[in-house]
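The block underneath contains the structure these notes are about, expressed in structure tokens.
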Amino acid sequence: MQILKRSGEKREFDTSKIETAIQKAFLSVGLPVDSEKIRSMVDTIEERVRTQFPKGHIVTVEEIQDLVEIVLIENNYYAVVKSYILYRASHHTMRKVIEDFEDYFSDKSIVEELREIQKIFTEDVYNLTFLFQKFKAFIKTNMTEEEYLGILIRAASELTSKEAPKWEFVAARLLSLQLNKRIEERANRLELYSFRDKIHYLTKEKRYGDYILEQYQEDEIDELESYLKQERDYLFNYSGLDLVIKRYLITDREGEVLEKVQEMFMGIAMHLAIPEKENKVKWAKKIYDVISQLKVTMATPTMSNARKPFHQLSSCFIDTVPDTLDGIYRSITNFSQVSKHGGGMGLYFGKVRAMGSDIRGHKGVAGGVIRWIKLANDTAVAVDQLGVRQGACAVYLDIWHKDVPEFLQIRTNNGDDRMKAHDVFPAICVPNYFWKLAKENRDANWYMMCPHEIEQVKGFRLEDCYGEEWEEKYQSCIEDSRIDKRVITIKDMVRLILRSAIETGTPFVFNRDIVNEYNPNSHKGMIYSSNLCTEIAQNMQAIESISTEIVVVDGEEIVVEKNKAGDFVVCNLASLVLGNIDVKNKKELEEVVSTVVRALDNVIELNYYPLPYAKITNQKYRAIGLGTSGYHHSLVKNGMLFQSEEHLKFADEVYEDINYFAIKTSCELSKEKGAYPYFEGSDWSNGNYFDKRNYHSTRWNELRKEVNQYGMRNGYLMAVAPTGSTSVISGTTASIDPVMKRYFLEEKKGQIVPRVAPDLTAETFWMYENAHEIDQNWVIQSAGIRQRHIDQSQSVNLYITTEFSMSRMLKLYISAYEHGVKTIYYVRSKSLEVEECDSCSA
């Protein structure tokens, strides 16, 4: 027998489908499935099909469904019949809405995608009738089918709500369909029929670097193409995929996107695997897996520039500004080069003499640090990365520097406009002693002095020490009448800091004593400040001019300047997406951590450095910054509230595991490829690293022996950066922050895009505590617990409301110092919009 489908197609009569439909109807009303009884009813239906219809008649789907209803009624299954009728009506509605869409779309791939969406998103709130109604409200006459598809994507996106959050994934599927259709049409016009063809074309067009084809054989590229998993496009929500398309996919010279999302991930993976030589295909697959499954996000510069001719892959740079005219201008020039190539910068101005200090013995003529900070400010505005975005720079100054009061007002709305620098981000370096006084004696005096004058009078540089040594030398400077001092009370200094924080979100805070106490490479220097986003903490040293010589080359006189490289910090970042990893599965966590640590170590070899100083420093320490995003997402997935003791225990266990696997991998890499040059004498080599963090369990003791024997490949390992754009891509919560809101509306080029917290359901809704509603002591406590396991730092934000008093805010800063938190990033007031750094996004 045959059956006539609604489409007019004839198929063989299959009774198993009838049996399955009846079983589902029984299950839907909670009745046990009697297989023998159902088989008997199916046999009855089959017999009536054979006997009750005229000879030659081909039975239709509707006629079969009518017979099913009759037989169920004859057997007194009235509840089942009702469920079956409702099921029939629902499927009729589903078919009807597809038919409605077919009036606008002749392209079968679009219609098939809508059918697939119906199968996957089965809850009532994702009925495509809602989508069709929204779609109809947007369309206009005389639109093309391409324009209809754009409207359909917009309609799906705008249906996203707290009650129906998965519409953002429906919108992403449709956007993926539109993207791939456009790419395939363009590729066909260019006669590009494979990934290999595309790489050849993009290399010829200077969109891909030559090195990809130089390092990979044709058969290796074909093997990697066969490994691509296009279905991983469906892991994106709408905002994430939209961001990838607009910012990261490679376009041709006409500005048309030519790179598919999975090709982008594979191109990045192929680049990062190049140093693996014989095993590069194996590692390209491993790196591709972790980034394409959104378990890891690479830093914004890495995602943007890997596989391209100019492959500047690093996010963060830090320079120590010396107290010389040539040195200051060199630092500003260095910043311009970093900004040009998409990096963010931290500039430490603590060595620059204060306003009113002497120059070459002429007293009272120095202009102070603010005028030089204004120069950095203007550079940030001027070097705007080809108009894409303004340069970004944080400027650091010690809290005992004589120019601090003016420094703390460079972004505020009060004070002298000539002392303003609104486009840089001020940060203060604070010793423990200041916080002790702020807690115990706020009426005590705080003395600010000029670092140049201290060196002239005392013969030492106060900024070059920390801890007890700093405190002793600071007291000796206070007692020395030869040194001019600017004096205010601790209370007044706190007031300046907090007023600026409430008004501008800054200054960032760098707890210098804590940072240096836990510096694993203190044998080779000290850490003065951090980077743009406060998560990097590495040895710093100013570049030093040695000589200027005139040499003759090809008969011409050439001026050669020789500089001592110092320690010009650069860091290579990536983030584990905790919300997309089963963090309790140690095997999975270790696999992901080991893969990304290897990839980051390879970045050091592959990087196109904007400055030679950065390359020299990176080769000495081989520093990487493994961070995390999706922290709040992971808490909720594991059934924990942010404000809970469970959370603190979870943070301690997870970050210890991450650190353990990162150190283990770096040690294995050292065994395989060699230790970083400064390993000997470091806290890694002498075991102090493990003692300071109380790592004395069996697994840690065994790893300690391995590290002592084989070394470490990387002198610095972990740094938790803010993850503005990359957390959007991976569909998770940003960095270590609690969510700002469970649901909010975002405006993008005149379109309102609803956004929801990841994996939002009726069950998880109340587990997502909004950031401004959380007692910030939980933020501080959790940061302190994580900090033990992070050798560098973390971008810790504080969230305040209008109910916060200054004393309450001060208690948070003091608590951060007491809990060993190294840095505080933004103070985020509900009424204040701060400029999120994207250069360090990882």
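Residue 550 in UniProt numbering sits at position 550 of the sequence shown, with consecutive numbering throughout.
Idealized CB from N, CA, C, for every residue including glycine.
Unbroken alpha helix (DSSP H) run spanning residue i, endpoints
i      : result
CYS477 : 467-479
TRP778 : 776-787
SER28  : 15-28
VAL296 : Here VAL296 belongs to no alpha helix (DSSP H); instead the beta strand (DSSP E) covers 296-298.
ASP657 : 645-673
ASN701 : 698-710
LYS280 : 280-292
Local Cβ density within 10 Å of residue i, reported as buried at 16 or more and exposed below that
i      : result
GLY350 : buried
TYR234 : exposed
ARG512 : buried
ASN580 : buried
THR144 : exposed
LEU86  : exposed
HIS362 : exposed
PHE744 : exposed
THR761 : exposed
GLU158 : buried
TRP766 : exposed
GLY30  : exposed
HIS401 : buried
LYS286 : buried
PHE310 : exposed
LEU177 : buried
Nearest-angstrom Cβ-Cβ length linking residue i and residue j, presumed shorter than 8 Å
i      : j      : result
VAL365 : ILE399 : Between ILE399 and VAL365 the Cβ distance is about 25 Å, and since that is not below 8 Å, they are no contact.
GLY344 : LEU532 : 4 Å
LYS166 : TYR126 : 6 Å
LEU152 : PHE135 : 5 Å
ALA444 : LEU437 : 5 Å
VAL597 : ILE624 : 7 Å
TRP778 : PHE650 : No, TRP778 and PHE650 are not in contact; Cβ-Cβ is about 12 Å, not under 8 Å.
GLY627 : ARG828 : Going by Cβ atoms, the distance from GLY627 to ARG828 rounds to 19 Å, so no, they are not a contact pair.
TYR799 : THR534 : Between THR534 and TYR799 the Cβ distance is about 16 Å, and since that is not below 8 Å, they are no contact.
Alpha carbon of residue i to alpha carbon of residue j, nearest angstrom
i      : j      : result
GLY240 : ASP737 : 18 Å
SER161 : TYR248 : 27 Å
ARG461 : ASP791 : 26 Å
VAL560 : MET540 : 25 Å
LYS562 : VAL290 : 43 Å
ARG742 : ALA757 : 5 Å
GLU672 : ASN686 : 21 Å
LEU669 : TYR676 : 10 Å
LYS374 : ALA421 : 5 Å
GLN133 : ASP423 : 46 Å
VAL583 : VAL654 : 7 Å
HIS57  : LYS10  : 12 Å
GLU763 : LYS637 : 10 Å
First through last residue of the beta strand (DSSP E) which encompasses residue i
i      : result
MET448 : 445-448
GLN751 : 751-756
TYR201 : Element bounds for TYR201: not the beta strand (DSSP E) but the alpha helix (DSSP H), 195-204.
LEU347 : 344-348
TYR396 : 393-398
VAL560 : 556-564
LEU4   : 2-4
ILE546 : 544-553
Per DSSP, the bridge partner or partners of residue i
i      : result
VAL430 : ASN511
GLU47  : The partner list for GLU47 (beta bridge, DSSP) is empty, contrary to what the question assumes.
ILE139 : ILE139 is not bridged to any residue.
LYS822 : Answer is none; LYS822 lacks a bridge partner.
CYS316 : GLY344 and CYS571
LYS108 : LYS108 is not bridged to any residue.
HIS401 : MET449
GLN794 : VAL720
GLY367 : MET355
VAL577 : SER629
LYS10  : LEU4
TYR528 : Note: TYR528 sits in no beta bridge, so no partner.
SER829 : ILE800
HIS362 : ILE359
ARG583 : The question names Arg, but residue 583 in the sequence shown is Val. BP columns for VAL583 are empty, so no partner.
Chain D within 8 Å of residue i, Cβ atoms only
i      : result
LEU202 : The structure shown contains no chain D, having only a single protein chain.
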